[in-house]
Each structure stands twice: as structure tokens, then as C-alpha cells.
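In the order they appear, the protein sequences are chains A and B.
Here my numbering is used: the first residue of the first sequence is 1, the next is one more, and so on.
Here my numbering is used: the first residue of the second sequence is 1, the next is one more, and so on.
Built from N, CA and C at the ideal position, the CB exists for glycine as well.
Here the structure is a predicted model, which means the values were calculated and not measured.
Note sheet for the following structure.
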Amino acid sequence: MNKQQFLAAIRQRIGSLPQQDIDRSIDFYAEMIDDRIEEGLSEEEAVAAMGTPEEIAAQILSENPRTQRPAAAPKSARGLKAWEIVLLIIGSPLWVPLLLAAAIIVLSLYIVLWSVIIVLYAADLCFVAGAISGIFGATVLFCTGQAAQALLFLGAGITCIGLTVLWFVLSTAAAKGVWLLTKLPFTHRKGDAQ
Amino acid sequence: MDIQLKRGLLDVCVLAAIQDTDSYGYQIIKDMKPYVSISESTLYPILRRLEAAELLTVHAVEHNGRLRKYYHITEAGRARIAAFAEEWKEIMSIYQFVVRGEQKHE
Chain A
1 MNKQQFLAAI RQRIGSLPQQ DIDRSIDFYA EMIDDRIEEG LSEEEAVAAM GTPEEIAAQI
61 LSENPRTQRP AAAPKSARGL KAWEIVLLII GSPLWVPLLL AAAIIVLSLY IVLWSVIIVL
121 YAADLCFVAG AISGIFGATV LFCTGQAAQA LLFLGAGITC IGLTVLWFVL STAAAKGVWL
181 LTKLPFTHRK GDAQ
Chain B
1 MDIQLKRGLL DVCVLAAIQD TDSYGYQIIK DMKPYVSISE STLYPILRRL EAAELLTVHA
61 VEHNGRLRKY YHITEAGRAR IAAFAEEWKE IMSIYQFVVR GEQKHE
């Protein structure tokens with residue numbers, strides 16, 4: 001192994017350390033090898049005198065307290081450990097009802113929102129009924145000769161037709177809003193996954 | 001030898017190797033060799049530790065077209081050597097006491 005290969009092998013194994021620490025370690029061993037070569041050893045002999053890159057890297061890592069932190073991070077990504085699963089099971093009487101309650105609260109919020117929409121459309125139906133009965137009433141009254149009352153009913157009926165159209169537009173806008181609100185948590189989750 | 005004891009001894013030995021004149025890594029190893037054999041991978045953390053404790057300072061000197069790091073002892077480093085010498089006077093008297101006890105039994 002030549003000096004470059006040897007230093008590269010160490011560098012690769014201590015890659016989790018801060019750059020400054022890596023450079024200092026590599027500089028130190030490079031200087032040691034150069035000093036031995038200067039004294040008459042061949043490059044191969046000088047490298048061999050250092051020991052193996054594995055041993056040296058292990059030594060550097062064991063002396064550096066900061067090594068522990070980067071090493072711990074990938075572990076947590078490997079999924080649940082045995083004790084975490086045990087904790088989950090032991091804790092289930094606590095977290096299952098809590099989770100259920102949270103789900104029910106969210107569900108009831110949705111129900112309340114959609115009830116408002118149902119009420120809006122029901123009100124629109126009332127206007128439709130008002131319009132029909134107004135026109136019908138006006139016709140009947142007109143036939144029985146009560147012109148003044150017939151005019152009043154006709155006016156009320158036409159007003160109800162107008163209100164029906166306006167109210168329908170408003171209700172549909174509100175329904176769209178609630179629909180978007182219902183979809184919101186799911187679209188968010190999709191966005192996170194990407 | 002007890003690992004803590006050896007560690008403390010090596011720290012002082014490295015300081016002693018630079019107490020007369022500034023020295024560099026390989027020279028320190030060669031100077032210590034007649035007394036205690038030390039490898040590069042042992043010396044490196046000791047130098048880092050002593051530097052962090054401000055018992056020595058490091059400066060780079062150009063040598064044959066490359067940089068070589070020289071280690072210079074600080075006043076705190078010299079105080080450490082003096083403290084070590086004091087401590088060992090005490091330890092030697094304990095040693096005498098311990099060895100005398102052994103001789104009586106023989």
C-alpha cells in the first residue's frame with residue numbers, strides 16, 4: 001500500500017467526523033510517513049510501520065467524543081427496536097382510546113361542517129316551496145277574483161324564485177369550501193410523502 | 001500496567017520530550033523509544049489532548065517543501081511536569097513502604 005492509498009483508507013473510515021478533525025488526522029499521519037521516508041525507509045515500509053488503516057481509524061474515532069452523534073442518527077431510521085415495540089404494546093390501553101377520541105373529534109368536526117351545508121340546501125328547498133306556493137296561490141286567488149291578494153302572492157312567489165337562485169349559488173360556494181377543507185389533511189399528507 | 005496510570009505517564013513523557021526544545025511527531029517517538037515505546041496512533045490523541053488542555057501549542061514549520069508540525073511546551077505544560085515530579089516523590093516513598101513490607105514476609 002502506498003501513502004495515498006493508506007491515507008485514503010483512513011479518510012474513508014473517519015468520514016463521520018467534522019472536516020477539520022479529518023484533515024488534522026490525515027496531516028499527522030502524512031507527516032509521520034514523510035519523516036520516515038526522509039530517514040531512508042521506502043514508502044511501503046514507512047506506511048507499514050504505521051499499522052493498518054482500520055486500527056488507526058478505530059483509534060481516531062474512539063478518541064473523538066463527537067463520533068457518537070453521527071453514528072446514532074442512522075440507527076433511528078432503521079425502524080423500531082424491540083423495547084420500543086414493547087412500550088407501544090404496554091402503552092396501548094392509554095394511547096388507543098386517546099387516538100380514538102382524537103379521530104372522533106375530527107370526524108364530528110366534519111359532520112358539523114357538512115350539517116351547515118345540508119341546512120343551507122334545505123333553506124334553498126324552502127325558497128323553492130315558497131316560490132311554487134306563491135305562484136300557485138296567486139293563480140287560485142286571481143281565478144276567485146281577489147286581484148290585490150293575488151298580486152301580493154305573485155310578488156312573494158317571484159321573490160322566492162330569485163332567492164332560490166341566489167341562495168343556491170351561495171350554498172354551492174360554501175359546499176365547495178367545506179369540500180376543500182375536508183380534503184385538506186389528505187392532500188397535505190401526499191405533499192409530505194413526496 | 002494500569003491503563004489510566006499509563007495514560008498519565010505518557011502525557012508527561014510527551015511533555016518531557018519537548019521541554020528542552022520544540023519537536024515534531026516522529027522525533028518525539030524516537031526520543032521516547034529508549035524509555036517507552038509509543039506508536040503513532042497512541043501519540044496522536046495525546047498531542048490533541050495536551051493541545052486542548054493548553055499544555056502545549058502547535059506551529060507549522062516548512063521542511064523540505066512540506067509543512068511539519070512542531071510542538072512547543074507552555075508554562076502550564078512545565079507546571080504539569082513539576083507537579084508530576086512532586087507526585088512521584090510521594091509515590092516512591094509509598095513504594096519503599098510497600099516493598100519493605102514484602103521483604104519482612106520473606
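Looking at K69/B and A60/B, is the spacing between their C-beta atoms short of 8 Å?
-> Yes. Within cutoff.
I81/B and L5/B look like a contact to me (Cβ under 8 Å); what is the Cβ gap, rounded to whole Å?
-> At roughly 17 Å, the Cβ-Cβ gap does not stay under 8 Å, so I81/B and L5/B are not in contact.
Buried or exposed (CB count within 10 angstroms, at least 16 for buried), R66/B | Counting of Cβ neighbours within 10 angstroms places R66/B among the exposed residues, the total staying below 16.
Would you give the residue range spanned by the beta strand (DSSP E) that K69/B belongs to?
-> R66 to I73
In chain A, which residues lie with their C-beta within 7 Å of the C-beta of Y26/B?
-> M32, D35 and R36
Is there at least one Cβ from chain A nearer than 8 Å to Y70/B's Cβ?
-> no
Which value, in whole angstroms, describes the spacing of the CA atoms of A174/A and V96/A?
-> 35 Å
Assign D2/B to buried or exposed, taking buried as 16 or more other Cβ atoms, counted over all protein chains shown, within 10 Å of its Cβ.
-> By the neighbour-count rule (16 or more Cβ atoms within 10 Å), D2/B is not buried but exposed.
Buried or exposed: A147/A, going by 16 or more other Cβ atoms within 10 Å of its Cβ?
-> exposed
Locate the beta strand (DSSP E) running through E62/B, then write down its first and last residues.
-> L56 to H63
Measure the C-alpha to C-alpha separation of A52/B and G77/B and round it to an integer number of angstroms.
-> 12 Å
Using beta-carbon positions only, say whether S23/B and D31/B come within less than 8 Å of one another.
-> Contact: yes.
For the alpha helix (DSSP H) that G130/A lies in, which residues bound it at each end?
-> G130/A -> alpha helix (DSSP H) spans S92 to C143.
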